[in-house]
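Worksheet for the structure shown next.
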Amino acid sequence: NLVIYIPEELSATLANYLRKLSDGPVEAEEDYTKFNTGDLKNKKASKMSAAQKALAKVDKSGMKTMSSFFRPKTTTPK
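Numbered according to full-length UniProt numbering, the sequence shown spans residues 1 to 78.
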């Protein structure tokens, strides 16, 4: 097992150099938000298909919700 250590002088120089590199502020080169604003304005309301419209008209009274199937079962004391 060969272990080689770098001299203290080189270590200090390297640490100083790396500190200079990381101290600079990091900023985006471009403004990426300009691409998103046009899409929101031009987006039209999505149209429902015939099947989706028919499902929306269905009487849901007496039906369980989907989330009720995934809840833990509660037991009532007798």
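The beta carbon of each residue, even a glycine, is placed where N, CA and C say it ideally should be.
* **Three-state class that DSSP yields for Tyr17 in the structure shown** => Reduced to three states, the DSSP call for Tyr17 is helix.
* Does any C-beta atom of chain C lie closer than 9 Å to the C-beta of Lys34? -> Although the question refers to chain C, the structure presented lacks it and comprises just one protein chain.
* To do: Return the CA-CA distance between Ser67 and Thr74, expressed in angstroms with no decimal places.
  => Rounded to the nearest whole angstrom, the CA to CA distance from Ser67 to Thr74 is 15 Å.
* According to the Cβ coordinates, are Ala56 and Met48 closer than 9 Å? -> The answer is yes: Cβ separation under 9 Å.
* Lys64, DSSP secondary structure in three states -> DSSP, read as helix, strand or coil, puts Lys64 in coil.
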